[in-house]
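Colleague: Numbering (our numbering), first residue to last: 72 to 360.
Here it is, the structure, as structure tokens.
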Ligand code: AMP
Ligand code: MN
Ligand code: MN
Ligand code: MN
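Below, the structure written as structure tokens:
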């Protein structure tokens, strides 16, 4: 098949190396079984699962792109920037991600202090038990612990009641700078993509500033079709991709069979009027030797 005709590209998901629940090899098999034709594992702030994902994809004959999802603070809001086709061995990228991970443990202890004040003890130790990688302890791990211990019925309920701004387990945190994250990605040979723009609570002006500054730093893509978007978001960000002349990406943001509404490889295809980001990454796609 002409690789540019790939429609079932899934370029966004998480393994237990960050806040997903499955091993990279299990995700690769799931992607393949679901008909994914081009796959990327994009763990938060971490590339240590990349080799396992790539080797598992090779063994299955599944074309693979390296990836990561970097946490950034922009206009006081946490924004995620995906790097696709990155070089996971790039020293600048590795150092940048290590710096971004720094402080997660301290933040988690403060989150646990906040939860203890409302009668939920030992949440730090509890969440840590769920973290495959302690440096990557995330709100998701707290959510799993609070579901397991019966405080809430679902991880979505935990976020709503405890883990978002204004709630007892929320701790403000400063992540990487937008321009730095874009540079780490670009300098390692990858393309930077704004993840799930429909999720951020920006005003129209702030969103415009995000897209404008992202482009000025060398960012080239935007996620249009993602598990975090409604169909109205698909249409809105398809228009924004064209307005800002950005390449379009597609990815489920799959974390776990129990928690994720969208499974790998099950989203609608990209609108035909968009330029798929993978067409610009053909030389970075890795296949079995
Ligand atoms: P952190 O990087 O520690 O702030 O954790 C962010 C992660 O929490 C995201 O990558 C999602 O996996 C998860 N998350 C954020 N908001 C929600 C929500 N409302 N419901 C479920 N999971 C969420
Ligand atoms: Mn996550
Ligand atoms: Mn994200
Ligand atoms: Mn994600």
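Built from N, CA and C at the ideal position, the CB exists for glycine as well.
So who's on the other strand from residue 109, going by DSSP bridges?
Modeller: 80
Colleague: Quick check: residue 204 and residue 118, are their CB atoms within less than 9 Å of each other?
Modeller: Cβ atoms of residue 204 and residue 118: not closer than 9 Å.
Colleague: Put residue 21 into one of helix, strand or coil per three-state DSSP.
Modeller: Past the edges of the chain, shown from 72 to 360, lies residue 21, and the structure says nothing about it.
Colleague: Ignoring anything shorter than 3 residues, give me the beta strand (DSSP E) runs that lie fully in the region 265–323, in order along the chain.
Modeller: 292–297, 318–322
Colleague: Mark residue 220 as exposed unless 16 or more other C-beta atoms lie within 10 angstroms of its C-beta, in which case mark it buried.
Modeller: exposed
Colleague: Given the structure, does residue 267 come close to ligand 3, in the sense that its CB is under 8 Å from one of the ligand's heavy atoms?
Modeller: True, at least one ligand heavy atom lies under 8 Å from that Cβ.
Colleague: For the 8 Å Cβ check, are there 3 or more pairs between the region 297–305 and the region 243–260?
Modeller: Cβ pair count under 8 Å is below three, so no.
Colleague: Would you kindly work out how many angstroms separate the C-alpha atoms of residue 53 and residue 352, rounded to a whole number?
Modeller: This structure leaves residue 53 out entirely; the chain is present only between 72 and 360.
Colleague: How would the residue list near ligand 2 read, in chain order, if you kept each one whose beta-carbon is closer than 7 Å to any heavy atom?
Modeller: 85, 89, 90, 115, 209, 211, 326
Colleague: Spatial neighbours of residue 171 within its chain, please: CB distance less than 7 Å, with the 5 preceding and 5 following residues excluded, ordered by chain position.
Modeller: 116, 141, 142, 246, 247
Colleague: Starting from the Cα of residue 324, find the closest Cα among 316, 313, 173, 85 and give me that residue.
Modeller: 85
Colleague: Could you pull the start and end residues of the alpha helix (DSSP H) that residue 139 belongs to?
Modeller: Here residue 139 belongs to no alpha helix (DSSP H); instead the beta strand (DSSP E) covers 138–145.
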